[in-house]
Amino acid sequence: GIQVEQSPPDLILQEGANSTLRCNFSDSVNNLQWFHQNPWGQLINLFYIPSGTKQNGRLSATTVATERYSLLYISSSQTTDSGVYFCAVYNDMRFGAGTRLTVKP
Amino acid sequence: DVKVTQSSRYLVKRTGEKVFLECVQDMDHENMFWYRQDPGLGLRLIYFSYDVKMKEKGDIPEGYSVSREKKERFSLILESASTNQTSMYLCASSLGQPQHFGDGTRLSIL
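Sequences listed follow chains A and B, in order. Going by the numbering used here, the first residue of the first sequence is number 67, and it counts up by one from there. Going by the numbering used here, the first residue of the second sequence is number 866, and it counts up by one from there.
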């Protein structure tokens, strides 16, 4: 089945910094989604982005399907951005292992 | 707004017990999913269902079964709970894409 790899596994930022999270996948994908899991364990949809670029406030995402990767950009990070970020591909309903983000005040 | 409700936030059961985890969605979604989440492994698909009374195995179905008698409800069953089934369990639903998740059930098997 398809393999999904996320990097980096852990990221520590100072409040206000920008960051880029990466999701690589081993085969063509039909659909890709980014989630944020908050410290209470709730999974929040961020983007449904099989291709192209989307933006929502300080967050944006780009998927280059032909090169088999997706990027999540967080600008001007805030402490509330802390948590684990997952990408998921829906060929096989596969999730990456996640990137744990800690934003320090 | 989309609402996926899992019956328990925390649950503690004993080895060998039959355990039921319930999930209800109110969006008339066709598709429902059960995942477990373990540290360092992300979410792994246990079972999913594309319609009432239909079920498909995911990546890790061993030790689990499911029931979908009504469109809005998808139940995960641990036939004889074991300590290695201690985990966070997450239910999701979708109509095509994207998936919407419940708040999760943290299950401990003692």
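Just so it is clear, CB atoms sit at the ideal spot from N, CA and C, and this is done for glycine as well.
If you draw a straight line from the Cα of N122 of chain A to the Cα of F913 of chain B, it is about 30 Å long. Within the DSSP secondary-structure output, G907 of chain B pairs in a beta bridge with B:D903. Judged by DSSP in its simplified three-state form, T880 of chain B adopts coil rather than helix or strand. The beta carbon of R124 of chain A sits closer than 6 Å to those of S141, S142, all from its chain and outside the five residues before and after it, given in chain order.
Under the Cβ distance rule, L125 of chain A does not count among the residues neighbouring chain B, no pair being separated by less than 8 Å.
Closest in alpha carbon position to T146 of chain A, among A:Q103, A:K120, A:F152, A:F113, is A:Q103. In terms of beta-carbon proximity, N104 of chain A stays away from the interface with chain B, with every pair separated by 8 Å or more. Non-local C-beta neighbours of L908 of chain B in its own chain, meaning closer than 6 Å and more than five positions away in sequence, comprise Y900, Q902, ordered along the chain.
For A83 of chain A, the closest Cβ of chain B is not nearer than 8 Å. If you look at R938 of chain B, you'll find it in the beta strand (DSSP E) that goes 938-943. Chain-order list of chain B residues neighbouring F161 of chain A: G907, L908, by C-beta distance under 7 Å.
For Q108 of chain A, a Cβ of chain B is located within less than 8 Å of the residue's own Cβ. At a C-beta separation below 8 Å, N90 of chain A has no neighbours in chain B, since its nearest C-beta there lies roughly 14 Å away.
Per the coordinates, the alpha-carbon of P963 of chain B lies some 31 Å from the alpha-carbon of V877 of chain B. Just measuring C-alpha positions, the residue of A:G67, A:G149, A:F161, A:C89 sitting nearest L77 of chain A is A:G149.
When the alpha-carbon of R879 of chain B is set against those of B:D916, B:L955, B:A946, the nearest one is in B:A946. Sequence-distant Cβ neighbours of S959 of chain B in its own chain, meaning closer than 7 Å and more than five residues away, are H894, N896, H965. When the alpha-carbon of G961 of chain B is set against those of A:Q99, A:E71, A:L137, A:V130, the nearest one is in A:Q99. L910 of chain B and Y929 of chain B have their C-alpha atoms some 11 Å from each other.
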